[in-house]
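Protein chains in written order, with the working numbering: chain H, 613 to 1103; chain F, 296 to 390.
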């Protein structure tokens, strides 16, 4: 890792403005690091020529004193975000030659603010997975290893490539999307910071859709401050997404370092699971102690419908996915298999183009929406969702400002270790994160320590709707107390 | 509730995904594992509870009914597997 790739996003921003180094030098250092780290499979497409052209333009704007908030900052973009003239696949065979003629709103805002595109990162196919193993391009290998072992571990999923790229210093920040935990779980597994903002905080336009009432984009970075900087550029109102909130975007960075004295932090008793590793319980207790020492008041709270969030999610998300993914028909874009008639063409195209997990979710979604089953499954799940949201509302109404939980029920596991026989085994990874999507709330994962095997563990903070600022302020206290964690390069 | 082989074939057809005979057994097992998992929801008392239809409370945005984009037919068909002029080509639909 060179000096330039070890900078935080905030330090790089300040260094560029002071002309300590150029955006081209910064991009070059990262492109070199990416080349050396290809064994991780974090990127599915590197865009060196574009990166250097963008960096050159950034240097010119810096020279003119017209630097944007992210001027010259090299970023990685999850392959779920459409990028103009740059292949976008959602890591699915069905989209493997798709080259968008437009940028997503999020990426266009990043370029507006001066950021530089290094490449597109690997993810689970259509963001359906928790280990990056469902990607058509193969899994990402985590830059982290267990002490004294060389077992290949997952960086988590679905945004596994973005998390690994940030952790391994292959970019200064990256975009991700989170439908049930796909930013927070990989952030926890890789010792990085990841925030899923409030539903509606960030435009979904131009992001390949998975489950539209749950999907939300957010950043991955190595520090809380960096996440605040990046979210400010990603967020904001967009006429092209009717669910995108028409609210001003605060200066999130100003909230970093704000005191948490007097904040009431809820600790939900339902997140204490039977059989949860002692180290997870220990890190959670440590997090409570840090916040208490910083002047926050810790209170036990109850979210009684917590255990129903994951089963309700596995009705709502596949139902919405089956509808969203109906567009992949071999007609307008993507893969097409030949058939004797149009129906055979559809069926063969979709069988060849979708991987096993995606096919399974489309089928379960089709079933729960089909005639005779809609009320028993889908309608009931949407009612349970109302109850899950109500649990949170009652806690916040009682004066709680944020809720502290573990981010994941375990540290990272090995590739191929989970979900082989029973898909539900993999789904349980999202048990602490999925409630937040179901209720549309903001949640941040922040590194809190290492387990006995030397792997990162994260804590999650859940906030009131559109109060990402309290999450940044509180997460900063955890970061200051816990320190930062960097994997030792072996690649 | 669980699905039998006939239902698996029917769902696959509804989803427009070709499924080979030798995949049915496996798929049936996986779908039933998911259905067994979500069956816990039957314990929840949902009497009188409104289903969630909007994640964050907000007034539906409206706009004037005018053309906001257009004249980009080349872009629209650019990624299509088969086109002729600005039309998408599909196998014969009507006899």
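Virtual Cβ for every residue (Gly too), placed ideally from N, Cα, C.
Presumed contact (8 angstroms Cβ cut-off) between residue 1082 of chain H and residue 1014 of chain H, rounded CB distance: Start at 1 with the first residue of the first chain, and residue 1082 of chain H comes out as number 470. Start at 1 with the first residue of the first chain, and residue 1014 of chain H comes out as number 402. About 5 angstroms; that satisfies the 8 angstroms criterion.
Buried/exposed call for residue 825 of chain H, threshold 16 Cβ in 10 Å: In the first chain, residue 825 of chain H corresponds to position 213, counting from 1. Counting Cβ neighbours within 10 Å, residue 825 of chain H comes out buried, since at least 16 surround it.
Three-pair Cβ contact test at 8 angstroms for the region 766–779 of chain H versus the region 988–1006 of chain H: no
Residue 335 of chain F at chain H interface by Cβ criterion, 7 angstroms: Working through the second chain from its first residue, we reach residue 335 of chain F at position 40. Yes, because at least one Cβ of chain H sits closer than 7 angstroms to the Cβ of residue 335 of chain F.
Alpha-carbon spacing of residue 1028 of chain H relative to residue 1080 of chain H, whole angstroms: Working through the first chain from its first residue, we reach residue 1028 of chain H at position 416. Working through the first chain from its first residue, we reach residue 1080 of chain H at position 468. Cα to Cα, residue 1028 of chain H sits roughly 35 angstroms from residue 1080 of chain H.
Supposed close pair residue 782 of chain H, residue 654 of chain H - CB separation, criterion 8 angstroms: The residue you call residue 782 of chain H lines up with position 170 of the first chain. The residue you call residue 654 of chain H lines up with position 42 of the first chain. Right, their Cβ atoms sit about 6 angstroms apart.
Any 3 or more C-beta pairs closer than 8 angstroms across the region 840–857 of chain H and the region 741–757 of chain H: no
Secondary structure of residue 879 of chain H, DSSP reduced to three states: One-based indexing of the first chain puts residue 879 of chain H at position 267. Here residue 879 of chain H sits in strand by DSSP.
For residue 1010 of chain H, the three-state DSSP class (helix, strand or coil): Residue 1010 of chain H sits at position 398 when you count from the first residue of the first chain. Coil, per DSSP.
Pick from H:685, H:707 and H:1042 that is closest to residue 741 of chain H, judged by C-alpha positions: Walking along the first chain from the start, residue 741 of chain H turns up at place 129. Of H:685, H:707 and H:1042, the residue nearest in Cα terms is H:1042.
DSSP three-state assignment for residue 894 of chain H, whether helix, strand or coil: To locate residue 894 of chain H, count along the first chain from 1; it is residue 282. Reduced to three states, the DSSP call for residue 894 of chain H is helix.
For residue 302 of chain F and residue 786 of chain H, the rounded distance between their alpha carbons: As a first step, residue 786 of chain H is located in the first chain; it is residue number 174 there, counting from the start. As a first step, residue 302 of chain F is located in the second chain; it is residue number 7 there, counting from the start. Using only the alpha carbons, I get a separation of about 42 angstroms.
Short-range partners of chain F found in the region 926–944 of chain H, where Cβ spacing is below 7 angstroms: 926, 927, 934, 942, 943 and 944
Alpha helix (DSSP H) segment containing residue 332 of chain F, residue limits: Here residue 332 of chain F corresponds to residue number 37 of the second chain, with the count starting at 1. Residue 332 of chain F -> alpha helix (DSSP H) spans 319–333.
Near the ligand COA: residue 652 of chain H beta-carbon under 6 angstroms from a heavy atom: Although the ligand COA was asked about, the structure shown includes no ligands whatsoever.
Closer than 7 angstroms to chain H by CB, residue 370 of chain F: Within the second chain, residue 370 of chain F is the residue found at index 75, counting from 1. It does; some Cβ of chain H falls within 7 angstroms.
Beta-carbon neighbours of residue 311 of chain F, restricted to chain H and to distances below 7 angstroms: Here residue 311 of chain F corresponds to residue number 16 of the second chain, with the count starting at 1. Residues of chain H passing the Cβ test: 958, 959 and 962.
Listed by chain order, chain H residues near residue 304 of chain F by CB distance under 8 angstroms: Numbered from 1 along the second chain, position 9 holds the residue referred to as residue 304 of chain F. Going along chain H, no residue has its Cβ under 8 angstroms from residue 304 of chain F, so there is no contact; the nearest lies around 11 angstroms.
Proximity test, Cβ basis, 7 angstroms: residue 789 of chain H and chain F: In the first chain, residue 789 of chain H corresponds to position 177, counting from 1. Output row for residue 789 of chain H: interface = no.
Residue 387 of chain F to residue 1078 of chain H span [Cα, whole Å]: Here residue 387 of chain F refers to the residue found at position 92 when the second chain is read from its first residue. Here residue 1078 of chain H refers to the residue found at position 466 when the first chain is read from its first residue. Answer to the nearest angstrom: the Cα atoms are 51 angstroms apart.
Per DSSP, cross-strand counterpart(s) of residue 1057 of chain H: Counting from 1 along the first chain, the entry for residue 1057 of chain H is found at position 445. In DSSP, residue 1057 of chain H forms a bridge with H:806 and H:1072.
As assigned by DSSP and simplified to three states, the class of residue 911 of chain H: On the first chain, position 299 is the one that residue 911 of chain H refers to. Looking at residue 911 of chain H - three-state DSSP - the assignment turns out to be strand.
Nearest to residue 1008 of chain H (by Cα), restricted to the options H:944, H:877, H:807 and H:650: Taking the first residue of the first chain as position 1, residue 1008 of chain H is located at position 396. The option with the nearest alpha carbon to residue 1008 of chain H is H:877.
Proximity below 7 angstroms, CB of residue 1045 of chain H to CB of residue 796 of chain H: As a working mapping, residue 1045 of chain H is identified with position 433 in the first chain. As a working mapping, residue 796 of chain H is identified with position 184 in the first chain. Contact: yes.
Three-way DSSP call (helix, strand, coil) for residue 303 of chain F in this model: Mapped onto the second chain, residue 303 of chain F falls at position 8. Three-state result, residue 303 of chain F: helix.
Contacts that residue 948 of chain H makes with chain F (C-beta to C-beta distance below 8 angstroms): Position 336 of the first chain holds residue 948 of chain H. In chain order: 376 and 377.
Chain-ordered chain H contacts of residue 307 of chain F [CB-CB under 9 angstroms]: To locate residue 307 of chain F, count along the second chain from 1; it is residue 12. Near residue 307 of chain F (Cβ distances below 9 angstroms), the residues of chain H are 959, 963, 971, 975 and 978.
Residues that residue 1017 of chain H bridges to, as DSSP identifies them: The residue you call residue 1017 of chain H lines up with position 405 of the first chain. According to DSSP, which records beta bridges pairwise, residue 1017 of chain H is partnered with H:1072.
Among H:820, H:801, H:942 and H:794, nearest to residue 808 of chain H - alpha-carbon criterion: Along the first chain, one-based indexing puts residue 808 of chain H at 196. Cα-wise, what sits closest to residue 808 of chain H is H:794.
Proximal residues to residue 636 of chain H (C-beta, below 8 angstroms), its chain only, five neighbours per side dropped: One-based indexing of the first chain puts residue 636 of chain H at position 24. Excluding residues within five positions, the ones whose Cβ falls inside 8 angstroms are 664, 667, 668 and 671.
Assigned exposure category for residue 1050 of chain H - 16 Cβ within 10 Å defines buried: Stepping through the first chain from its first residue, residue 1050 of chain H is reached at position 438. It is buried - the Cβ of residue 1050 of chain H has at least 16 other Cβ atoms within 10 Å.
Inter-residue spacing [alpha-carbon to alpha-carbon] between residue 327 of chain F and residue 628 of chain H: One-based indexing of the second chain puts residue 327 of chain F at position 32. One-based indexing of the first chain puts residue 628 of chain H at position 16. The straight-line gap from Cα to Cα measures roughly 56 angstroms.
Cβ neighbour criterion (16 or more within 10 Å) applied to residue 828 of chain H: Numbered from 1 along the first chain, position 216 holds the residue referred to as residue 828 of chain H. The residue is buried, with at least 16 neighbouring Cβ atoms inside 10 Å.
Residue nearest to residue 321 of chain F in terms of C-alpha spacing, selected from F:335, F:331, F:340 and F:300: Numbered from its first residue, the second chain carries residue 321 of chain F at position 26. The residue with the shortest Cα to Cα distance from residue 321 of chain F is F:300.
Near-chain F residues of the region 778–811 of chain H - C-beta to any C-beta below 9 angstroms: 810 and 811
Within chain F, partners of residue 1036 of chain H - CB distance below 9 angstroms: Locating residue 1036 of chain H in the first chain gives position 424, where the first residue counts as 1. Those within 9 angstroms of residue 1036 of chain H in chain F are 328, 329, 331 and 332.
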